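To start, the structure under review is shown below, and the notes come after it.
In my numbering, the protein residues as written are 6 to 117.
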């Protein structure tokens with residue numbers, strides 16, 4: 006499904022950053038959610054970010070790895086807690102496919 010066009014100005018509002026998952030745990034009350042502590046570098050610091058990938062990934066597969074996150078989304082309540090960003094993943098219709106970033110890229114690096 007094709008989504009509506011977004012203006013270039015709207016796209017420029019999004020701040021994509023490399024983040025390192027430093028803690029991750031399953032959310033017991035959810036079949037889908039993992040709760041992560043993500044180091045997004047000096048500008049954003051450590052953020053709590055939820056991702057609906059529990060069906061496909063174990064916490065041990067994420068901890069210590071780097072991925073791309075949207076760092077400046079408005080916080081969203083999820084099961085009474087606040088998610089402060091979003092992890093990017095490909096969706097092939099069957100599962101979320103994560104896109105790890107090289108360990109050489111520093112946390113907080115801007116993605117353009």
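Every residue, glycine too, gets a C-beta built ideally from N, C-alpha and C.
None of these values were measured; they are calculated from a predicted model.
Terminal residues of the beta strand (DSSP E) in which residue i lies
i	result
residue 25	21-31
residue 43	39-44
residue 102	101-103
residue 96	94-96
residue 83	81-83
Range of the contiguous alpha helix (DSSP H) that encloses residue i
i	result
residue 14	13-18
Three-state secondary structure (DSSP) of residue i
i	result
residue 88	strand
residue 67	helix
residue 54	strand
residue 106	strand
residue 73	strand
Spatially closest choice to residue i from the options, by CA coordinates
i	options	result
residue 28	77, 69, 106, 74	69
residue 65	30, 75, 56, 80	30
residue 84	32, 11, 23	32
residue 108	49, 60, 73	73
residue 38	49, 59, 21, 79	59
C-alpha distance - residue i paired with residue j, whole-angstrom precision
i	j	result
residue 90	residue 115	14 Å
residue 76	residue 26	13 Å
residue 35	residue 51	23 Å
residue 94	residue 47	24 Å
residue 19	residue 6	22 Å
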